[in-house]
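**Q** With the first letter of the sequence shown counted as 1, position 103 gets the number 103 in the UniProt record's numbering; the numbers rise by one all the way through.
Idealized CB from N, CA, C, for every residue including glycine.
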Amino acid sequence: MYGIYGYDDYWSVDIRRNKVRMVKAFYFNTHGGREGALAHAQAHRDQFVREHLPVLKREIAQRVRRDNKSGVAGVYFREEPGGKNPMWIAMTRVSPEKSVSKAFSVGRYGPRARELAIAERQKQLEQMTGYASRHPADGSTSPSIARPPSSPTAASSNRS
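1) How is the beta strand (DSSP E) around G6 delimited, first residue to last?
2) Would you tell me roughly how many angstroms separate the C-alpha atoms of S105 and E115, rounded to the nearest one?
3) Buried or exposed for M128, please, with buried defined as at least 16 other CB atoms from any protein chain shown within 10 angstroms of its CB.
4) What's the gap between the Cα of Q122 and the Cα of V94?
5) Going by alpha carbons, who is nearest to V49 out of I4, G107, Q124 and P111?
6) Using the DSSP secondary-structure output, state which residues sit across from M22 in a beta bridge.
7) Pick helix, strand or coil for M1, following the three-state DSSP scheme.
8) Would DSSP call A37 helix, strand or coil?
9) What are the boundary residues of the alpha helix (DSSP H) that E115 is part of?
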């Protein structure tokens, strides 16, 4: 029932793609009862996920957070109290079970430490594969296939 939620008198298809929420309601009384409305909702959901593929995990991992101070997602600066042991760190969660990180000491590498951390982050991102979320109806066979970016432009709330 991915993306489909039941209410007293309708089914709702509610899916987010690239931070945009798409919602459509399928009322029992206009779609042939509870089962008919569910069939319409599932067909709509399946069509929507085929047309709007989820973003790649790598794309999400490259978004720079508001609190990022390095300007590069996954790269940050750390030092111990008193300014001891300063280092640039590249860190990536390549799967739910696995994170990789590597630190570059400013004492050892000097000003190059930041650039080395950025290069390491790019290597780490290459280990990341797959989509942020998947549904069998999306029709894609491999996350490595190049595809045009699909981002819905506006949230819709249609009632049928």
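**A** On the basis of the coordinates in this document:
1) Walking along the sequence shown from the start, residue 6 turns up at place 6. Here the beta strand (DSSP E) through G6 covers I4 to G6.
2) Here residue 105 refers to the residue found at position 105 when the sequence shown is read from its first residue. Here residue 115 refers to the residue found at position 115 when the sequence shown is read from its first residue. When rounded, the distance between both Cα atoms is 12 Å.
3) Indexing the sequence shown from 1 puts residue 128 at position 128. The residue in question, M128, is buried, as its Cβ has 16 or more Cβ neighbours within 10 Å.
4) Indexing the sequence shown from 1 puts residue 122 at position 122. Indexing the sequence shown from 1 puts residue 94 at position 94. Using only the alpha carbons, I get a separation of about 12 Å.
5) The sequence position of residue 49 within the sequence shown is 49, counting from 1. Ranking the options by Cα distance to V49, first place goes to I4.
6) In the sequence shown, residue 22 corresponds to position 22, counting from 1. Partner(s): I15.
7) Counting from one through the sequence shown, the residue named residue 1 turns up at place 1. Coil.
8) In the sequence shown, the residue the question calls residue 37 occupies position 37. Residue state, collapsed to three classes: helix.
9) Residue 115 sits at position 115 when you count from the first residue of the sequence shown. Residues R112 to E126.
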